[in-house]
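If you're matching them up, the sequences are chains G and S in order.
Offset between the first sequence (1-based) and my numbering: plus 86.
Offset between the second sequence (1-based) and my numbering: plus 8.
Glycine residues also receive a C-beta, built at the ideal position from the N, C-alpha and C atoms.
None of these values were measured; they are calculated from a predicted model.
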Amino acid sequence: MATAPRYEPFEHTADIGIHIFGGDLVELFSNAAFALYDCMVATEGIGLREQRDIALNAENVEDLLHNWLNEHLYLFSASSLILPHIVVHAVSPTTIQATAHGELYDPGKNRLKTEIKAVTYHQFSVAQTSDTWSAKVIFDV
Amino acid sequence: MNGIRLNRLTDYLYEIPMTGAMRVPGRIYASAKLMESQKADESLQQVANVATLPGIVKYSMAMPDFHWGYGFPIGGVAAFDVDDGIISPGGVGYDINCGVRLMRTGLVLDDVRENLREITRAIYRDVPAGVGSSGAIEKLTSEDFRALIATGARWAVERGYGAADNLSAIEDEGCMAGADPDAVGHRAFERGIKQIGTLGSGNHFLEIQVIDEVFLPDIAERFGLRKGGIAVAIHSGSRGFGHQICEDHLTVMVKAAKRYGIDLVDRQLACAPTQSAEGQRYLVAMACAANFAWVNRQVMMHLTERAIARAMKASTAALDMRLIYDVCHNIAKFEEHIVDGVKRRVCVHRKGATRAFGPGHPLIHERYRESGQPVLVPGDMGRSSYLCLGTQKAMEETFGSACHGAGRRHSRKHMLKEMAGRNLFREMENRGVIVMAQGAPSVAEEMPEAYKDVSDVVDVMQSAGIARKLIRLRPIACVKG
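Written as structure tokens, this is what we have:
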């Protein structure tokens, strides 16, 4: 049986749209952060030299995911950190505590893909079925 | 077509009649060919959605390069009454003051043909892309940065980036008044201080171009533009600084809209009354981002001039590089316009649209007052770009606005699939363009096939009388982030 994808891009004229998948909120949020970095740089071979603790709250799971993605975008943009390896300590629809592990961006080593300008609210959604979670996000590039 | 009713008014103008919650009709400048290519996406619905916002004046408009955006369509123009209208960050865009500047030089194609690769490499090396790299200005302190975002291009000129006479060739002379660094959050500061003087990626570029057609020879001659002449164009915006400011204020505006009783048919139309505290705070932060972008383009212009001179083993004076004009295409401006015979002050939102003031307008420098404001319309990296001029008809019909570029045709996903396995750098060279880019996928996504033909877009503007073509330019080298 094939492994379920962590995320999948979908058609969007100007930017990058992705569907993110997870068996539970831990997986959804881990895969979401991974997807953001993977859209920007090649994440194969990223080690564990850097880490950042992240603690966020929000009124609902959509806002929480939006804040989560923005946090990672800020870490990449302001500090050149690529942190695709996520350890979630606790998560609920309104709160997350996690540690993100990875490396500092190295132009000699890390292959750039596309710079993301923003995590938009366009068609932004988080959905839960009986045994899976999924999210839809469009990045402005 | 998404259930949106469209009336064709002329060969180049369509109207969405006022229905439902729309306060004004929608007006779209497009040819039948361009309209046909819009069937697949939501952009027409977005034009109708913008028309529901309070205080909108006359029409919710779209220029011929319009396509699907966030809340507002890209290519959207909407003016709101300053007293009872709204201000919307989505009507400006994440990349505040993304814009273009065009410099002419005294060089011709033969001067650069032999060492074009070295020249391109010098620019590629000297102008930081900014993705994971540091900014172009060393030892920039927080105080410097605060001054920079408050004063814009003048800050750069005072530090030796370019010359004082550049300012009269920049919209708003490169500084939006009222910029308040205190309205900017610390994350925006952190991102901005790292990225000043950097190009960015995606559809940003730095191009060497050759003028390959002149439509209005007398005016072109006055501007120092001749067929065969080499020009340089820079397309870039406010980088992570502007993006963060937009994000920070969108969050505020979503809550504010609810509090002010503004019904949003789309969350991304989040807005607040222009005269509210939230509206004013966004405006003064937006001005900081606009100023950042002008400093950015000023610094990159200076670095480019030096790189070209060095690669050609010449002095910068020998290049005779001169700034023609610098325009914004993601911005909100307070302007006076005649509406139904009465002078009114409005806040014009241009998102993926360019100011195109007509002849005689007091806000354009006397150098351009007779001809009309220069309007830069970049195309894709394989085909043409245009320099146009604003017209009186633009003042009458579109709040002095015109298109900003080509508009995308295919998604990035589609392009990555189509271009897989192809040597894109070689293909572009076979088409006569040397391309250097930090990220190869960004080249795939930006291949000419991804875009509509900008000539179709500009022809609509010309036929509708909104802008007139001055020169056409062809890229010969393109640097991307």
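Residue-level contact check: G/Ser-211 does not touch chain S, since none of the beta carbons of chain S fall below 9 Å from its beta carbon. Going by C-alpha positions, G/His-105 is about 22 Å away from G/Leu-142. For the pair S/Gly-63 and S/Asp-89, the Cα-to-Cα distance works out to about 5 Å. The C-beta separation of G/His-171 from G/Gly-188 comes to about 6 Å, placing the pair in contact by the 8 Å criterion. Note that the C-beta distance between S/Glu-23 and S/Pro-33 is below 9 Å. When Cβ-Cβ separations below 9 Å define contact, S/Gly-380 makes no contact with chain G.
Taking 9 Å as the cut-off between beta carbons, the residues of the stretch 158 to 171 of chain G near chain S are Leu-159, Tyr-160, Phe-162, Ser-163, Ala-164, Ser-165, Ser-166, Ile-168, in sequence order.
Scanning its chain for C-beta atoms nearer than 8 Å, with the 5 sequence neighbours on each side dropped, one finds around G/Pro-91 the residues Phe-107, in chain order. For G/Leu-150 and G/Cys-125, the gap between their C-alpha atoms comes out near 20 Å.
Straight across, the Cα-Cα distance linking S/Arg-358 with S/Ser-96 is about 11 Å. Within the stretch 99 to 118 of chain S, the residues whose Cβ lies closer than 7 Å to any Cβ of chain G are, in chain order, Tyr-102, Asp-103. Here S/Ile-227 has Ser-379, Leu-397, Leu-478 as same chain residues with Cβ atoms under 8 Å from its own Cβ, once five neighbours each way along the sequence are excluded.
Think of a sphere of 7 Å around the beta carbon of S/Glu-198: the chain G residues whose beta carbon falls inside it are Ala-164, in chain order.
Residues of the same chain with a CB within less than 6 Å of the CB of S/Gly-79, apart from the 5 flanking positions on each side, are Gly-98, Asp-274, Gln-276, Leu-277 in chain order. For G/Val-147, none of the residues of chain S pass the 7 Å Cβ criterion, the least Cβ distance being about 16 Å. Listed along chain S are Ser-209, Gly-210, Asn-211, Arg-420, Ser-450, Glu-453, each with a C-beta nearer than 9 Å to that of G/Val-227.
Interface annotation, G/Pro-91: not in contact with chain S, CB-CB separation never under 9 Å.
Taking 8 Å as the cut-off between beta carbons, the residues of the stretch 197 to 209 of chain G near chain S are Arg-197, Leu-198, Lys-199, Thr-200, Glu-201, Lys-203, Ala-204, Val-205, Thr-206, Tyr-207, His-208, in sequence order. Annotation: the continuous alpha helix (DSSP H) that includes S/Arg-377 extends over 374 to 377.
Rounded to the nearest whole angstrom, the C-alpha separation of G/Leu-159 and S/Ala-293 is 20 Å. Pairing G/Thr-129 with S/Ala-452, the inter-Cα distance amounts to about 19 Å.
Separation of the CB atoms of S/Met-309 and S/Gly-447 is rounded to 23 Å, and the pair is thereby denied contact status at 8 Å. Boundaries of the beta strand (DSSP E) harbouring G/Val-173: 167 to 178, taken from the DSSP string. DSSP lists S/Val-240, S/Leu-331 as the beta-bridge partner residues of S/Met-111.
Taken atom to atom, the span from the alpha-carbon of G/Asp-101 to that of S/Ile-339 is near 20 Å. With contacts defined as CB atoms closer than 9 Å, S/Phe-231 and S/Arg-363 fail to qualify as a contacting pair. At a Cβ-Cβ threshold of 9 Å, S/Val-85 and S/Ala-361 count as neighbours.
Using a Cβ-Cβ cut-off of 9 Å, G/Ala-100 counts as an interface residue toward chain S, since at least one Cβ of chain S sits closer than that to its own. Neighbours of S/Cys-254 in chain G, taken as residues whose beta carbon is under 8 Å from its own, are Ala-204 in chain order.
In this structure the stretch 246 to 259 of chain S lies against the stretch 187 to 204 of chain S, because at least three pairs of beta carbons, one per stretch, are closer than 8 Å. It is roughly 13 Å from the alpha-carbon of S/Lys-235 to the alpha-carbon of S/Asp-118. Taking a C-beta distance under 9 Å as the contact criterion, S/Val-240 and S/Ile-316 qualify as a contact pair. Under the three-state reduction of DSSP, G/His-158 is assigned to helix. Pairing S/Asp-152 with S/Val-165, the inter-Cα distance amounts to about 14 Å.
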